[in-house]
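Residue 199 in my numbering sits at position 196 of the sequence shown, and the numbers go up by one each step. No residue lacks a Cβ here, since even glycine has one placed at the ideal position from N, Cα and C.
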Amino acid sequence: MLEAPNWYARKYHSVVARSRESDPDAEFHIRQIGAQHHSSRLATIDYSDAFVLDLWDAGGIAMSGAINDDALTAVFFWGEGATFNGHQSEIPRLQILGPGTKFDLAMPGNYRLMRIGLRGSALDLLRAASAAHPGQRDWLMPGVHEQCFAPKTELELQQKLLRAVGFAEAAARRGYDLSAGLAVAASEAGAALARVLSCTEEPSARSPGSGVRRKIVDATLAILEASPHGPVSICAICGVLGIGERTLERAFREHLGVSPRAYERERRLRAAHGLILTKGDRLSTTDIAMSFSFWHLGRFAGAYTALFGCSPSETRRRIWGVPKD
């Protein structure tokens, strides 16, 4: 019989207090950057082959370290001005860190970090699946793995993770013994992640000339990241880069699988989704949509539903338990 889960849900008012906590899947170091007052809320569940974590922070800090050699972790990390290994991370997007991967995070303001970790027999199953299917991605290699996951898949993982930490927060707040619920919820989150990783194929090889088109895509992404809240003219981007729209379209299709316009809209939809995850209990769907320049609410709801598989008001209800707008 498995032991009861190890878990906690705590609030902190200094970086020193936060730095006293350990992590079963990683070694890390935290330091303060800037002079802002620090406050954070952290909930974790460590059970069997799965580890679940949800962290809210306010106040500038930096974190560096490495995932343990016997663990793999899936991360959603985003915040204003936040960077992940030197790359901007202002919208929630799933990233997979293989065993032994080094990380360096900078969070100058408010941010959120959500994690699901796997180890033990869960990693053994991924290793066996990779050996049995040579075309399948080997997630057990060190590094931050680039992979476009379906937003519906990401939402499912987020909901299972939040369900797990919700049990931990309720247990801490009310003093209930929710060990059974904590164990089941953490196991479900880990199993959901394992299913996602077991069904992902290796990306196809790039064609000649791919390096030039990769640079075009990277330059375009830098322009889009400079205006996270509003739409950006594709025609204006082409003018800045000195290329035609067809060239930009081809580069995006090859490297990201979507058109530049579709990517720009999806980025704002993901940003709106991130705001639902962080402030959906205080902001209405209308407020959230307009924060990212979606002025036609019906079209916003339709585009969001097509991307995530449920409406923004339904996502808000599932995450926060609030009535639909």
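Starting from I64 and walking both ways along the beta strand (DSSP E), at which residues does that stretch end?
64 to 70
Going by the beta-carbon positions, is the gap between I246 and T223 smaller than 7 Å?
no
Going by the beta-carbon positions, is the gap between I119 and A192 smaller than 7 Å?
yes
Which one of Y11, R320, A7 has the shortest CA to CA distance from R177?
Y11
When the distance is taken between beta carbons, is I322 closer than 7 Å to A171?
no
Can you name the start and end residues of the alpha helix (DSSP H) that I240 belongs to?
237 to 244
Go through its chain and collect everything with a Cβ distance to K14's Cβ below 6 Å, but skip five positions before and after it.
R44
DSSP has Y307 in a bridge; who is on the other side?
Bridge partners of Y307: none, in fact.
Under the DSSP definition of a beta bridge, which residues are partnered with D49?
Per the DSSP secondary-structure output, D49 pairs in a beta bridge with N9, F54.
Is W323 helix, strand or coil when you go by DSSP?
helix
Could you please give the first and the last residue of the uninterrupted beta strand (DSSP E) stretch that includes R331?
A question about residue 331 goes unanswered here, because the residues of the chain that appear run from 4 up to 328.
Can you tell me whether G193 is helix, strand or coil according to DSSP?
helix
Who are the Cβ neighbours of A186 in its own chain at under 6 Å, not counting the five residues just before and after it?
P8, Y50
Does the contact criterion of 3 or more C-beta pairs under 8 Å hold for the segment 100 to 115 versus the segment 66 to 78?
yes
Taking the beta carbon of H258 as the centre, do at least 16 other beta carbons fall within 10 Å, making it buried, or is it exposed?
Within 10 angstroms of the beta-carbon of H258 lie 16 or more other beta-carbons, which makes it buried.
Quick one, are the C-beta atoms of I94 and G324 less than 7 Å apart?
no
Buried or exposed: R273, going by 16 or more other Cβ atoms within 10 Å of its Cβ?
buried
Is DSSP giving V18 helix, strand or coil here?
Judged by DSSP in its simplified three-state form, V18 adopts helix.
Measure the CB-CB distance between S17 and H32 and report whether it falls below 7 Å.
no
Taking the C-alpha atoms as reference points, what is the distance between V235 and A153?
23 Å
When DSSP builds the beta bridges, which residues end up paired with A109?
A65, T86
Pick helix, strand or coil for I3, following the three-state DSSP scheme.
Outside the shown range of the chain, which is 4 to 328, sits residue 3, and nothing can be said about it.
What does the alpha-carbon distance come out to for the pair A183 and R166?
Distance between the alpha carbons of A183 and R166 is about 13 Å.
Per the DSSP calculation, G120 is bridged to which residue(s)?
F54, T76
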